Structure formats: structure tokens, C-alpha cells
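What follows is the structure, encoded as C-alpha cells:
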């Protein structure tokens, strides 16, 4: 099933940021989202993940198929690495966390509390979570933040394996992952109108 | 859902989980009351049901701002919304975990603390019954308050102000049931009303909580 985004208008904190965004993403493909800071990459990804509503437009093929990874990893400091992963695996109805640990070389850290990990290790754990969701569509917001070159390679391998398995990935990133992926620049879709049509407190004013 | 319940219980029991917080607060309130009103046993036994209920309610209130704020800060809530678990169910489970780690210990420790307030011996059954029936409502309503204030930094004060009026019916009927039990009167009516309030909040509140949480996460 393809992801189709049609004529999407988006606002952040009441200010329109993007208008008329349309693209499609086929299974087995990745799409790299580019754009300067504040262009609306996070807003677009959160909307596709269902975390916020679009002003107008349609998204099809996203519901209940998405594994989202944002700026925060959703880790509990007082749970161990394997407990954190096992929790998400159970929530998504999966059994094994062994492959996910192996993909990001987390086995030696499995019994450590997540709170004692370094920033890069935490991010690796956050990305390993994607592997235990079993979801076909990955929506990733700056996944390589605080990763070293070796970990970025691990991540690129994981994405390649995911694509080879028929999955798809939508990634907002500034670095070159070495993936064979289309690049989608969102800066042409920047909203220029100064209307406050998307103000969240509209109803109360 | 079981995974979420077990995770919340585990987090509550580990260091920094705040398991003992409500219990310690309840203990402090009840221990200090005899010092502040004086050692008149007759007076103490008159006010004991009200003090025990008020202490339990405030202790419950104290732990509410941890309920969702921690999950919001580390991004877990965002991931939870995109997970296959319905948000209504997830919030019900979180309320249950909150009750198991806050409400239930209060219910169990209340008879012991009642002794310190010279609580009438015949009323213990009613005291425990009223707390056991009433405290789940406190957790469920508290989850709603936590969902409402989730995006606000240090929203604890706002949370308390929003939740307090919703706690009033539970407090009135709970304390009344305990008072009647202690006085040797029939406490069935307030207990039934209390149970009614609790069942209604358990049935309705998760939907309200999930709705306001979805708005709060935008």
C-alpha cells in the first residue's frame, strides 16, 4: 500500500507553514525530506504520523502502518535497555527483541539502565525501537542526531533491510545516508499568507 | 495493555518512581493532626473520618502531576498515540497503575492511621470500604486533569485547581460513609452513591482524557 499525500496545508502554532504539499511513497522506497530549519519538516512528519491535524488536504495509507521516531526517544531512564525494547515490542504485538539489539550493536548494553547511556547510545536504542514495531512505514525526524559515523552506517543498513523487506521510509535529515532514495525538498511549498487560519485557540476568541 | 501496566508499576517501584510519596504525605498529615488540634480523644474521634479522607485525597493529588508529565517529557506519549493501543485504554491502564501504587496503599494503611486518631472501633470496615470504593475515582479523575495540563511546564498548580472541584462529590460521600460507619449508623446510602460516582467516572472519564490529550499533544 502506497502512502499518498495530497494538497496538504499545514500550520504550526497557528501560523501556516506549508501549503499544497503532495507526494507519494511506494513500498520498498525511501524519501528524504529536505528543507531549512523551520521549513515545516517536523510539522509535516507529525501530521502524517497522526499527531496533529492538517488544515486541509488528504493523507491515505498512513493510519496504523506508521512507526514514528521524533526528537525524543521515549526511553525510561529507570528501565534497562532490554526492558525498554521489550515494552515497545509487546505494545506492538511483537515477540523478539534480539534482532533489534543486534542491528544496533546494543547487546553489551542490554542490562544497563537507559538513563546511564550516552546520547548516541540512547539514539541507537530509540532507532532499535523501530525494528520491534513491525510497522511497514517508518516516519523519522532527524534520526541521525548525535550518532557517530559507525552508528549512521548501522542505521543506513537497517533502513536498507527495511526497504528490501517491502517497507517504506520517510526521513527528514540533512546528512547523506548513502541510500538510493529520492530527495523531496519542501522549501517551494512554504506558506506565504499571513492569515491565522490555523490558530488552535480560534474557537475561544 | 498488560505490558503498559507492568511497565508503570515497575517504574513506580524503582528509585525516583514516587511510590512512597503519597503514602508518606498521608502519614505526615495524620500524625500531625493530633498535635495541631490537641490530644482530646473525643474531638479526634469526631473529626477522624474527615481527616482520613482529606489526607487520602490530598495525598492522591500530590502524585498526579507525575502521571503523564514524565511520559510527555521523554516523548513516550507521542509514540503511544501512534501505537496500536487505543489511547482510551492506555489512559485507563495508567489510571489503574496509579491507583495500585497510590490509592491501594492508602486504603491499606488507613486503618492503622485511624487508630492514631482514635477512630471508632466499629467503623473500620466502613472506612476501608469507602476508601476502596472512592480512591479509584480519584485516580481516574486525576488522569483527566493530567491529560488536560500535559503540555504545560510545571502545570501542577493548574492541575490541582482543575481537579479539586471534581473531587468534591467523592470526598463528600466517602467521608460521610466513613462518618456514619464510625457513629454506628447505616452507611449504605453514601456508599452506594460513592460506588455510583466511581463507576460513572471509570466508564466516561477515559474518553474525555483521551480527547483532551490528543488536543494537548498537537
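Chains as they are written, first to last, in the numbering used here: chain F, 29 to 233; chain U, 4 to 221. Here a beta-carbon is modelled for each residue, glycine too, at the ideal position from N, C-alpha and C. Computed from a predicted model, the values in this text were never measured in an experiment.
As a quick exercise: from the options, pick the residue whose alpha carbon is nearest that of residue i.
i	options	result
residue 218 of chain F	F:48, F:29, F:30, F:32	F:48
residue 193 of chain U	U:132, U:118, U:71	U:132
residue 51 of chain U	U:18, U:62, U:208, U:34	U:34
residue 234 of chain F	F:107, F:196, F:38	Absent from the model: residue 234 of chain F. The displayed extent of chain F is 29 to 233, so no value can be given.
residue 186 of chain F	F:50, F:34, F:58, F:29	F:58
residue 213 of chain F	F:115, F:184, F:199, F:206	F:199
residue 29 of chain F	F:46, F:54, F:109, F:110	F:54
residue 200 of chain U	U:174, U:102, U:84	U:174
residue 150 of chain U	U:184, U:114, U:91	U:91
residue 188 of chain F	F:205, F:172, F:178	F:205
residue 84 of chain F	F:34, F:211, F:172, F:178	F:34
Assuming the contact rule is C-beta atoms closer than 8 Å, residue i and residue j should be a hit. Round their C-beta distance to whole Å, please.
i	j	result
residue 106 of chain U	residue 64 of chain U	12 Å between Cβ atoms; not a contact.
residue 55 of chain U	residue 118 of chain U	With 8 Å as the limit, residue 55 of chain U and residue 118 of chain U do not qualify as a contact, their Cβ atoms being about 11 Å apart.
residue 187 of chain U	residue 125 of chain U	6 Å
residue 12 of chain U	residue 32 of chain U	Contact doesn't hold; Cβ gap of about 25 Å is too wide.
Around the C-beta of residue i, are 16 or more other C-beta atoms found within 10 angstroms, so that it is buried, or is it exposed?
i	result
residue 65 of chain F	exposed
residue 124 of chain F	exposed
residue 170 of chain F	buried
residue 86 of chain F	exposed
residue 164 of chain U	exposed
residue 203 of chain F	exposed
residue 69 of chain U	buried
residue 44 of chain U	exposed
residue 40 of chain F	buried
residue 194 of chain F	exposed
residue 139 of chain F	exposed
residue 190 of chain F	buried
residue 76 of chain U	exposed
residue 230 of chain F	Residue placement at residue 230 of chain F is flagged as unreliable, the pLDDT there being 47, under the threshold of 50; a coordinate-derived value is accordingly withheld.
residue 99 of chain F	exposed
residue 121 of chain F	exposed
residue 148 of chain U	buried
residue 101 of chain F	buried
residue 136 of chain F	exposed
residue 97 of chain U	buried
With a CB to CB cut of under 7 Å and the five nearest residues on each side skipped, what residues in its chain are close to residue i?
i	result
residue 103 of chain F	112, 142, 150, 153, 154
residue 96 of chain F	77, 167
residue 233 of chain F	Any reading at residue 233 of chain F needs caution, since the residue's pLDDT is 40, under 50, leaving its predicted position unreliable; the model's value is listed next. If we look at residue 233 of chain F and ignore the five residues flanking it on each side, it has no Cβ neighbours.
residue 133 of chain F	182
residue 18 of chain U	none
Residues in the same chain with beta-carbon distance under 6 Å from residue i, minus the five sequence neighbours each way, listed in chain order, please.
i	result
residue 205 of chain U	143
residue 175 of chain F	148, 151
residue 116 of chain F	157, 160
residue 209 of chain F	58, 60
residue 67 of chain F	214, 215
residue 82 of chain U	none
residue 213 of chain U	90, 91, 94
residue 71 of chain F	38, 40, 45
Just verifying my parser: in three-state terms, what is the DSSP assignment at residue i?
i	result
residue 215 of chain F	helix
residue 130 of chain F	helix
residue 152 of chain U	coil
residue 206 of chain F	coil
residue 61 of chain F	strand
residue 92 of chain F	coil
residue 173 of chain F	coil
residue 82 of chain F	coil
residue 160 of chain F	coil
residue 144 of chain U	helix
residue 22 of chain U	helix
residue 209 of chain U	helix
residue 34 of chain F	strand
residue 196 of chain F	strand
residue 76 of chain F	helix
residue 200 of chain U	helix
residue 40 of chain F	strand
residue 215 of chain U	helix
residue 143 of chain F	helix
residue 188 of chain U	coil
residue 85 of chain U	coil
residue 168 of chain F	strand
residue 233 of chain F	Residue placement at residue 233 of chain F cannot be trusted, given a pLDDT of 40 that sits under 50; what the coordinates show is reported in the next sentence. Looking at residue 233 of chain F - three-state DSSP - the assignment turns out to be coil, as it is neither helix nor strand.
residue 54 of chain U	helix
Excluding the 5 residues preceding and the 5 following residue i in the sequence, name in chain order all residues of the same chain whose CB lies nearer than 8 Å to its CB.
i	result
residue 88 of chain U	4, 7
residue 198 of chain U	136
residue 47 of chain U	36, 37, 40, 120, 121
residue 112 of chain U	26, 29, 30
residue 80 of chain U	71, 74, 153, 216, 220
residue 167 of chain U	64
residue 91 of chain F	78
residue 185 of chain U	48, 51, 52, 122, 123, 125, 126, 129, 130
(request) For the region 81 to 95 of chain U, enumerate the residues whose C-beta is nearer than 7 Å to any C-beta of chain B, in chain order. (result) Looking for chain B here will not work: the only protein chains present are F and U.
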